[in-house]
Every structure is written in C-alpha cells, then in structure tokens.
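*Asks:* The listed protein sequences correspond, in order, to chains A and L.
If you read the first sequence in numbering that gives the first Met the number 0, its first letter stands for residue 0, the second for the next number, and so on.
If you read the second sequence in numbering that gives the first Met the number 0, its first letter stands for residue 0, the second for the next number, and so on.
There are 2 protein chains.
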Amino acid sequence: MPLRPALLACAIALMCLPLAAEPPKYRSAQEIIDAAPADAWRTLDPANTLYLELGGGRVIIELAPQFAPAHVANIQTLARERFWDGLSIYRSQDNFVVQFGDSAADEATAKPQGSAKAKLPAEFARKSEGLKFSALPDRDGWAAQVGFVDGFPAGRDPASGQVWLAHCYGTLGAGRGAEPDSSNGSELYVVTGQSPRQLDRNITSVGRVVSGMELLSVIARGPQPMGFYEKPGLRTPIKAIRLASEVPEAERTPLQLLRTDSTAFSDATEARRNRRDGWYVQPAGHIDLCNVPLPVRTTGS
Amino acid sequence: MPLRPALLACAIALMCLPLAAEPPKYRSAQEIIDAAPADAWRTLDPANTLYLELGGGRVIIELAPQFAPAHVANIQTLARERFWDGLSIYRSQDNFVVQFGDSAADEATAKPQGSAKAKLPAEFARKSEGLKFSALPDRDGWAAQVGFVDGFPAGRDPASGQVWLAHCYGTLGAGRGAEPDSSNGSELYVVTGQSPRQLDRNITSVGRVVSGMELLSVIARGPQPMGFYEKPGLRTPIKAIRLASEVPEAERTPLQLLRTDSTAFSDATEARRNRRDGWYVQPAGHIDLCNVPLPVRTTGS
Numbered sequence: 000m001p002l003r004p005a006l007l008a009c010a011i012a013l014m015c016l017p018l019a020a021e022p023p024k025y026r027s028a029q030e031i032i033d034a035a036p037a038d039a040w041r042t043l044d045p046a047n048t049l050y051l052e053l054g055g056g057r058v059i060i061e062l063a064p065q066f067a068p069a070h071v072a073n074i075q076t077l078a079r080e081r082f083w084d085g086l087s088i089y090r091s092q093d094n095f096v097v098q099f100g101d102s103a104a105d106e107a108t109a110k111p112q113g114s115a116k117a118k119l120p121a122e123f124a125r126k127s128e129g130l131k132f133s134a135l136p137d138r139d140g141w142a143a144q145v146g147f148v149d150g151f152p153a154g155r156d157p158a159s160g161q162v163w164l165a166h167c168y169g170t171l172g173a174g175r176g177a178e179p180d181s182s183n184g185s186e187l188y189v190v191t192g193q194s195p196r197q198l199d200r201n202i203t204s205v206g207r208v209v210s211g212m213e214l215l216s217v218i219a220r221g222p223q224p225m226g227f228y229e230k231p232g233l234r235t236p237i238k239a240i241r242l243a244s245e246v247p248e249a250e251r252t253p254l255q256l257l258r259t260d261s262t263a264f265s266d267a268t269e270a271r272r273n274r275r276d277g278w279y280v281q282p283a284g285h286i287d288l289c290n291v292p293l294p295v296r297t298t299g300s
Numbered sequence: 000m001p002l003r004p005a006l007l008a009c010a011i012a013l014m015c016l017p018l019a020a021e022p023p024k025y026r027s028a029q030e031i032i033d034a035a036p037a038d039a040w041r042t043l044d045p046a047n048t049l050y051l052e053l054g055g056g057r058v059i060i061e062l063a064p065q066f067a068p069a070h071v072a073n074i075q076t077l078a079r080e081r082f083w084d085g086l087s088i089y090r091s092q093d094n095f096v097v098q099f100g101d102s103a104a105d106e107a108t109a110k111p112q113g114s115a116k117a118k119l120p121a122e123f124a125r126k127s128e129g130l131k132f133s134a135l136p137d138r139d140g141w142a143a144q145v146g147f148v149d150g151f152p153a154g155r156d157p158a159s160g161q162v163w164l165a166h167c168y169g170t171l172g173a174g175r176g177a178e179p180d181s182s183n184g185s186e187l188y189v190v191t192g193q194s195p196r197q198l199d200r201n202i203t204s205v206g207r208v209v210s211g212m213e214l215l216s217v218i219a220r221g222p223q224p225m226g227f228y229e230k231p232g233l234r235t236p237i238k239a240i241r242l243a244s245e246v247p248e249a250e251r252t253p254l255q256l257l258r259t260d261s262t263a264f265s266d267a268t269e270a271r272r273n274r275r276d277g278w279y280v281q282p283a284g285h286i287d288l289c290n291v292p293l294p295v296r297t298t299g300s
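Here it is as structure tokens:
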C-alpha cells in the first residue's frame, strides 16, 4: 500500500483536504464491454449489411453510405441483382488484401452489371459536417486526427474539414484502375494485412467486415507479387452476396456492435491504451487507430 | 512545364545563378531495389537462421542475438537437439499470432528440453551502445523514435538510451507467462496480424520471419478468443526446426536481404512515403515502421 501523507497533514493542521481517492480498480477492456449497458449497443441496419456467402461460412459487412453514397447504392443494386453470385475471390496477396468480383471484368466475357451504374464519382473523402467524429487522443502519422464515425475508423483534417474512412484490417474498398473515378463497386477488396493507410484518400472505401474475417484471412495466397491466381481453380467461389434486408429474417445473423461514441467504448479503449492487468510491465500509453477492436456480439447474448 | 523565371533573371542581370535542376524522375521502390548495388545486399548468417519446416514448405527466420542473446542461444540449443521436431503450431488467433512449441508444456507429459536452460532473464530491451540505428523521420505513437537495426524494425528512447525490437508482421517472439522472466524460447509466436506494438518491451522478441510468411498467415484460426485449438487434430505439425548451419549446404535456401542502412533502402522507403506513380492522388508523406517492406531475394537473382 502507498503511504498516505495527506492523513498526517490532516491530523496536524486540522484542515482536512479531501483525501486522494483510491485509484479505481483497473477493469480490462473485456470487463468493461461485458458490463456495457444495452444502449451502448446498436443493431446493424439490414439495408446496409452485406452477407458474403462462402463455402466456409458467412462474412458480414457493414456498408458506409455516409462516406460513399454512390458506391453503396450501386453495391446494393448489384447485390439485389445477384451480380456476384458464382463469381470469385480471385486475388489474395499476403499482408495486404483479398479481392473479389468478376475476374473477367476487363475482357469481352465480362458479366453484365444489369441496372448498376458503370461510372461513379470518386468518393475518397467528404466534408465533416453532419458526422459525429469521436476522436482518439493518440498521435497518428497518416492523419492530423483519427477516430471513429458510426463504428468506422476514420481520419480527419481540421484544416480542410475533410473526413475519410481509414484502411484498417477488415476495411472494404472499391478497386479502381488508373483513373480516380474508375471504380463502381463491382470489384471489391478487403484488407487482410497490416493497415495500408497509404491508400486513405486514394481510393473509395465503402465499409468494413464486422464478422467472419477469419474466413477471408486464411485464403491461400496467390503468386507474388500481387496475389492474382494464375490457375482459376485456386479461386474461392462466391456462393452469393446478399443484402441482409433481402434475406428472410430467420436466416439473418443477429449482430450488435458496440457504439463507438459510447462511454463503454472509450473506457475499453483507455483500458487497452494503459494495460494494468499484471502481465504488462510497460503499458504503452498509446493505441493506434487500427489496433482498436470494434466489439461485436450476437443479439441478446 | 513550369515557368522558369531564373532564366529571365539571368538574361537581365548577366549573373547566372545555377538553374534549378529538373526534379529527378520518380523511381518506384521496386525500381530502386532492382537497381541496388551488390553491396546493398547482405547474406543471412546460417548460424542465426532457422528453418521451420512445415508440410507446405519452409519458413525462414532470422534470429536477433544482438537483442536477445540468452534466448537466441537457447533456441540454437533447442534446434540442435531437435526439440521442436514432431511438435506443432497449436494456436492461431485471427489478426494476432500463430504460436508453436509443446502444447503439453504445462503438463506432466511435457517434452524434455535437453541441455537448454529452463530459466532465462527477460530480454525486453537493451542499451543502444554498439548498435547502428537507422532512424525513420516518421512520427510514431508507440516510441519516441523508430527505425531499423541490422534489418530489424526497432524502437528507441533517447531519454533512457534503450532500444528494442518492434512487433510487426512476421516478428518472432518468445511466449511467456505472468512473470517477465518466464520465457526460455521453447514456446514461440509469430505475428500474423496488425502490428501489436503494445507488446513492445513487454516480452522478449527474438527475430523475424524473412521468407514464408504466407505459410503461417493462412493457418486456419482456432476458436475465439485466443485461437488455441480444442481438437489436437487441427494443429499444424512441425516437421523440423533446424539452424541453417546444421543443414547441408545444398539444402539451404540462399537468401539475401537489403541492408536497412543502405541508400537503396532509404531511397525505396522515401519512394513509398511519397508515391508519385500516377495512381496515387494524395501521397501520404508518411510511412509507419511496420509498413516498410524488408526486401529479400534469392542469392544471385
């Protein structure tokens, strides 16, 4: 126990300053999350939730229309019209991304995209007005500020007033060619490696995987350097991509996510920033944006 | 073309300042690496190289005796005495680590460790004297300074004079229990996820994977939260772990690594920090320690 000189001072001077409170008992991030009130959790919106159905199971993606409205609308159209069904994950580059869609997209045999738009504006960043940005206090090399918007890791530049989705593990982006406006959401990638933040503000991010990353991260890597499979037989077939809202309710996965503007989330992040659980001898005093876990639970659990 | 007012000044004043040189043509990191002179490459020291032999192929690890001399010596002993042969990778946690060694280490059936030491000092950090630290200019949230020592990503604290191995993708560390000095190198882990830099200075890092990460990163994840397989049949068998120096020369993998104190390495890193290759519209002006690739080639390639 630490000595308490304040007690002595109080006895001698008869002028009792409030005693320093015992520091609150350290609670781990998990304990904080487990104790979070019901209103710290939000339910995924089925209209902005994609189910990527693979042989191994379901990958669940939350779309971000507040950042990429045109791309998300196109993706919703493509999902409704079952564009991806029977296509594949045709690229897996170690420590970077998996990419999926139509491996013949640049060829005459490309699959028709129905009523989806062929051309969209680039949606790399947007004005911060109308968004609630919960800033992290931690320094970041890639952005003036980092934090979370509606559950998505994001960067912000107060000088320009711009905000953008950050590339972290699980980020879903829209592949593009040389031209900034050459993506339309039909070719998608998910980050499976060390956060490639150099892509921030250079490509349109459209959402993030909230469940099932372990199905994507283990996909055998294609040949170096870029991981496109030379043999089509190595591609991972996509059984279907569906909007949750188009799936019968009984077949939906009932997920809730911890609100990133909740006290429980900021307390859990602080518990990770300064770990005092007996194992750590040197708490970092810091956390990087892409090291902050975004808790998910099955509804009612 | 930009206007050249210096030309006018020269004609009027008859005092010709040197013309501003054309900015040098942008070379990509790969172009710089391809053009690196022979002396920018170093050959792995077979005495400090481990071959982790799996059914799918060989993972090649460079040990770091300059950071963890006691652990590396013990690992060399364990490899010489074939401790790991027939053991397994018994943990795979998504976005974190794979861990390997004796899954029965805490039980009565633990495999004997021969002449390896049971107890070692913790080797979390060391004094910077005697090490060449090639600092990155980039800001970092986890350490006052970051850079490279002999090819290893590292952090440094000028105030304390300490330097330590950083936890990046591919870092090899020695698992420990609650006590800081409870590792002896027999239980090892490799980082397969977003750099868990909070482990820096909290555990003994002993080296890094220089080739074959794609064999470890695809290993099926074990059950959440920690990824230890409940069913032993899901573990990945280790055929052997050998020091390269104990393997006949004809069976060694002849690798070279780009020196992290070479001009080619710093130029390639700068080319990644500020990409001007036509695709990027917003060069980051920054790179994180764990986003810097560490080039490897087969000798003579």
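A virtual CB, placed ideally from N, CA and C, is assigned to each residue, including glycine.
For clarity, every value in this text was computed on a predicted model and none was experimentally measured.
Does the beta-carbon of D139(L) have 16 or more other beta-carbons within 10 angstroms, so that it is buried, or is it exposed?
*Replies:* To locate residue 139(L), count along the second sequence from 1; it is residue 140. It is buried - the Cβ of D139(L) has at least 16 other Cβ atoms within 10 Å.
*Asks:* What are the boundary residues of the beta strand (DSSP E) that Q112(A) is part of?
*Replies:* Reading the first sequence from its first residue, position 113 is the one you call residue 112(A). From DSSP, Q112(A) is part of no beta strand (DSSP E); its letter is neither H nor E.
*Asks:* Less than 7 Å between CB atoms is the rule here; does R296(A) satisfy it with respect to chain L?
*Replies:* Here residue 296(A) is taken as the residue at index 297 of the first sequence, counted from 1. Output row for R296(A): interface = no.
*Asks:* In whole angstroms, what separates the C-alpha of A39(A) from that of P224(A)?
*Replies:* Residue numbering aside, residue 39(A) sits at position 40 when the first sequence is read from its first letter. Residue numbering aside, residue 224(A) sits at position 225 when the first sequence is read from its first letter. CA-to-CA, the gap between A39(A) and P224(A) works out to about 43 Å.
*Asks:* Residue ranges of each beta strand (DSSP E) run of no fewer than 3 residues wholly in the region 91-177 of chain A, ordered along the chain?
*Replies:* 96-100, 144-148, 151-156, 161-164 and 170-173
*Asks:* How about E145(L): is its C-beta nearer than 7 Å to some C-beta of chain A?
*Replies:* Residue mapping note: residue 145(L) aligns to position 146 of the second sequence, counting from 1. Checking the sequence, you will find Val at residue 145(L) rather than Glu. Chain A, which has no Cβ nearer than 7 Å to the Cβ of V145(L), makes this no.
*Asks:* At a Cβ threshold of 7 Å, is G150(A) touching chain L?
*Replies:* For the purposes of this step, residue 150(A) is taken as residue 151 along the first sequence, with counting starting at 1. Answer no: the Cβ-Cβ gap between G150(A) and chain L never drops below 7 Å.
*Asks:* Whole alpha helix (DSSP H) runs in the region 222-272 of chain A with 4 or more residues, listed along the chain?
*Replies:* Contiguous alpha helix (DSSP H) elements confined to the region 222-272 of chain A occur at 262-272, taking only those with 4 or more residues.
*Asks:* Which value, in whole angstroms, describes the spacing of the CA atoms of G192(A) and G221(A)?
*Replies:* What you label residue 192(A) is simply residue 193 of the first sequence in a count that begins at 1. What you label residue 221(A) is simply residue 222 of the first sequence in a count that begins at 1. Per the coordinates, the alpha-carbon of G192(A) lies some 14 Å from the alpha-carbon of G221(A).
*Asks:* Start and end of the alpha helix (DSSP H) containing T76(A)?
*Replies:* Translated into positions along the first sequence, residue 76(A) becomes position 77. Run containing T76(A): P68 to R79, per the alpha helix (DSSP H) assignment.
*Asks:* Check the Cβ of N183(L) against every Cβ in chain A and list those closer than 7 Å, keeping chain order.
*Replies:* The count along the second sequence starts at 1 and reaches residue 183(L) at position 184. Within 7 Å Cβ-Cβ: nothing; N183(L) doesn't reach chain A, min ~17 Å.
*Asks:* To the nearest angstrom, how far is it from the Cα of A121(A) to the Cα of S204(A)?
*Replies:* Here residue 121(A) refers to the residue found at position 122 of the first sequence. Here residue 204(A) refers to the residue found at position 205 of the first sequence. Rounded to the nearest angstrom, the two C-alpha atoms are 10 Å apart.
*Asks:* When you check each C-beta in the region 111-127 of chain L against every C-beta of chain A, which residues fall closer than 8 Å?
*Replies:* F123
*Asks:* Is there at least one Cβ from chain A nearer than 7 Å to S216(L)'s Cβ?
*Replies:* If you number the second sequence from 1, residue 216(L) lands on position 217. Answer yes: the Cβ-Cβ gap between S216(L) and chain A drops below 7 Å somewhere.
*Asks:* Tell me where the beta strand (DSSP E) around I59(A) begins and ends.
*Replies:* Against the first sequence, residue 59(A) aligns to sequence position 60. That run of the beta strand (DSSP E) goes G56 to L62.
*Asks:* Tell me the rounded alpha-carbon separation between I74(A) and D84(A).
*Replies:* Numbered from its first residue, the first sequence carries residue 74(A) at position 75. Numbered from its first residue, the first sequence carries residue 84(A) at position 85. About 13 Å.
*Asks:* In the DSSP output, what is I88(A) paired with across the bridge?
*Replies:* Locating residue 88(A) in the first sequence gives position 89, where the first residue counts as 1. For I88(A), which the question treats as bridged, DSSP gives the partners F99(A) and T235(A).
*Asks:* Within the 7 Å Cβ cut-off, does S300(L) reach chain A?
*Replies:* Counting from one through the second sequence, the residue named residue 300(L) turns up at place 301. Since pLDDT at S300(L) reaches only 45, below the 50 mark, its modelled position is unreliable, and the value read off the structure follows with that caveat. With 7 Å as the cut-off, S300(L) does not count as an interface residue toward chain A.
*Asks:* Since I believe I31(A) is in contact with D266(A) (beta carbons under 8 Å), could you give me their beta-carbon distance rounded to a whole number of angstroms?
*Replies:* Indexing the first sequence from 1 puts residue 266(A) at position 267. Indexing the first sequence from 1 puts residue 31(A) at position 32. That belief holds up - the Cβ atoms of D266(A) and I31(A) are roughly 5 Å apart, short of 8 Å.
*Asks:* Go through its chain and collect everything with a Cβ distance to F95(L)'s Cβ below 6 Å, but skip five positions before and after it.
*Replies:* Position 96 of the second sequence, counted from the start, is the residue given in the question as residue 95(L). Excluding sequence neighbours, F95(L) sits near G192.
*Asks:* In whole angstroms, what separates the C-alpha of V97(A) from that of S216(A)?
*Replies:* In the first sequence, counting from the first residue as 1, residue 97(A) sits at position 98. In the first sequence, counting from the first residue as 1, residue 216(A) sits at position 217. Going by the C-alpha atoms only, they are around 8 Å apart.
*Asks:* At a CB distance below 9 Å, what residues from the region 154-169 of chain A approach chain L? Give them in sequence order.
*Replies:* Going along the region 154-169 of chain A in chain order, one finds C167, Y168 and G169 with a Cβ nearer than 9 Å to chain L.
*Asks:* Strictly under 7 Å for the Cβ-Cβ distance: is M225(A) near chain L by that measure?
*Replies:* Residue mapping note: residue 225(A) aligns to position 226 of the first sequence, counting from 1. Answer no: the Cβ-Cβ gap between M225(A) and chain L never drops below 7 Å.
*Asks:* With H, G and I counted as helix, E and B as strand and the rest as coil, what does DSSP make of L214(L)?
*Replies:* By one-based count along the second sequence, residue 214(L) stands at place 215. DSSP places L214(L) in helix when its eight states are reduced to three.
*Asks:* What does H70(A) reach in chain L if we use C-beta pairs closer than 9 Å?
*Replies:* Residue mapping note: residue 70(A) aligns to position 71 of the first sequence, counting from 1. What H70(A) touches in chain L: nothing, since even the nearest Cβ is about 17 Å away.
*Asks:* Taking buried to mean at least 16 other C-beta atoms within 10 Å of its own C-beta, is H285(L) buried or exposed?
*Replies:* For the purposes of this step, residue 285(L) is identified with residue 286 of the second sequence, where counting begins at 1. Buried, because 16 or more other Cβ atoms sit within 10 Å of the Cβ of H285(L).
*Asks:* Step through the CB atoms of chain A and report whether any lies within less than 7 Å of the CB of N273(L).
*Replies:* As a first step, residue 273(L) is located in the second sequence; it is residue number 274 there, counting from the start. It does not; no Cβ of chain A falls within 7 Å.
*Asks:* If the cut-off is 8 Å on Cβ atoms, which residues from the region 31-60 of chain L count as contacting chain A, listed in chain order?
*Replies:* none
*Asks:* Per DSSP, what kind of secondary structure is R196(A) in: helix, strand or coil?
*Replies:* Along the first sequence, read from residue 1 onward, the residue named residue 196(A) stands at position 197. Three-state result, R196(A): helix.
*Asks:* Chain L partners of Q204(A), CB-CB under 9 Å?
*Replies:* On the first sequence, position 205 is the one that residue 204(A) refers to. Note that residue 204(A) is Ser in the sequence shown, not Gln. Close partners of S204(A) in chain L (Cβ separation under 9 Å) are lacking, with about 13 Å as the shortest Cβ gap.
*Asks:* Select from A109(A), R196(A) and S182(A) the residue whose C-alpha is nearest the C-alpha of A69(A).
*Replies:* In the first sequence, counting from the first residue as 1, residue 69(A) sits at position 70. It is S182(A) whose Cα lies nearest to the Cα of A69(A).
*Asks:* Would you call the CB atoms of G113(A) and E61(A) closer than 7 Å?
*Replies:* As a working note, residue 113(A) is residue 114 in the first sequence. As a working note, residue 61(A) is residue 62 in the first sequence. No, they are not a contact pair.
*Asks:* Helix or strand or just coil, what does DSSP make of E30(A)?
*Replies:* Here the question's residue 30(A) lines up with position 31 in the first sequence. DSSP places E30(A) in helix when its eight states are reduced to three.
*Asks:* Going by beta carbon distance, what residues of the same chain come within less than 7 Å of I218(L), once the five residues before and after it are set aside?
*Replies:* Here residue 218(L) is taken as the residue at index 219 of the second sequence, counted from 1. In chain order, I88, S91, V97 and T235 place their CB closer than 7 Å to the CB of I218(L), counting only its own chain and leaving out the 5 sequence neighbours on each side.
*Asks:* Mind checking A134(L): buried by the 16 CB within 10 Å criterion, or exposed?
*Replies:* For the purposes of this step, residue 134(L) is taken as the residue at position 135 of the second sequence. It counts as exposed.
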